[in-house]
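Heads up, the sequence shown is in this note's numbering, so the first residue is 1339 and it goes up one at a time.
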Amino acid sequence: VCFGPNTALPHHRTDATQLVAGSMVILDLGGCLDGYQSDITRTVAYGQVSDEAAHIYDIVYEAHVAAMEAARPGVTCESVDAAARNTIAQAGYGPNFIHRTGHGIGLSTHEPPNLVEGDRTVLQPGMCFSDEPGIYLSGRFGVRIENIITITGTGSRSLNHPAPSRLPVLE
């Protein structure tokens, strides 16, 4: 869990930052069942945040959906990454998407292949990946949405409940 300016760091480590109203909060969680890993990330607002923060959430949500729609048998990992990355770039935040779109998941939380430029692995039914685009504004805040998707015979489906399409606000 991280909040405030620490949400701009994809791999934040706990520090003494205090949660205050008007902060973005990122919750990155996982679990294990019968040796198989899970991973999920949600971004929420604690109190009212800027219109910019809500707008960036909308962009990240669109990128998340674009990746899931692009993920299907016969396409490459890098093409799924491109779908998410292009959505964010077209909105003007390309340089602020600073990590891969996703990673394989199974017996390990992070395993190959990766949804990233240069990974030409062809997707096949049964493969599972994280779908986790994000936008990070250094020193200010970040937004990331993550679900696990599995490749089906004709496309993909989420193994998690869908992420909210609008930024959740906790009062």
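Beta carbons: idealized from backbone N, C-alpha and C, even for Gly.
Please read these numbers as outputs of a predicted model, since none were measured by experiment.
So what does DSSP say about residue i, is it helix, strand or coil?
i, result
"I1397", "helix"
"T1414", "strand"
"G1464", "coil"
"E1449", "strand"
"D1353", "coil"
"N1498", "coil"
"D1469", "strand"
"G1480", "strand"
"V1403", "helix"
"G1373", "coil"
Take residue i as the anchor and find which of the options has the nearest alpha-carbon.
i, options, result
"S1476", "N1452, G1442 and N1344", "N1344"
"V1481", "S1388, Y1395, P1502 and G1369", "Y1395"
"R1438", "A1391, A1405, L1357 and S1446", "A1405"
"V1460", "H1448, G1412 and A1346", "G1412"
"A1409", "A1420, T1352 and G1493", "G1493"
"H1349", "E1416, A1359, G1440 and D1366", "D1366"
Quick check on the DSSP output: the beta strand (DSSP E) that includes residue i runs from which residue to which?
i, result
"D1366", "S1361 to L1367"
"N1434", "No beta strand (DSSP E) holds N1434; DSSP gives it neither H nor E."
"V1382", "I1378 to Y1384"
"I1489", "N1485 to I1489"
With a threshold of 7 Å on Cβ separation, who are the neighbours of residue i within its own chain once the five nearest residues in sequence on each side are excluded?
i, result
"P1500", "none"
"S1503", "Y1399"
"N1434", "I1473, Y1474 and L1475"
"E1416", "V1454, E1455, G1456, D1457 and R1458"
"R1495", "I1487 and T1488"
Return the chain-ordered list of same chain residues with a C-beta closer than 8 Å to the C-beta of residue i, the five sequence neighbours on each side being excluded.
i, result
"V1398", "T1381, I1426, P1471, G1472, I1473, V1481, R1482 and I1483"
"Q1375", "G1368, G1369, I1443, G1444, L1445, S1446 and T1447"
"R1478", "P1343 and A1346"
"V1363", "V1339, C1340, F1341, T1345, L1357, T1381, V1382, A1383, Y1384 and L1508"
Tell me whether residue i counts as near the ligand MG, meaning its Cβ is closer than 7 Å to at least one heavy atom of that ligand.
i, result
"V1507", "This structure lacks the ligand MG; in fact it carries no ligand of any kind."
Can you name, in chain order, every residue of its own chain whose Cβ lies under 6 Å from the Cβ of residue i, other than the five neighbours on each side?
i, result
"M1465", "I1489"
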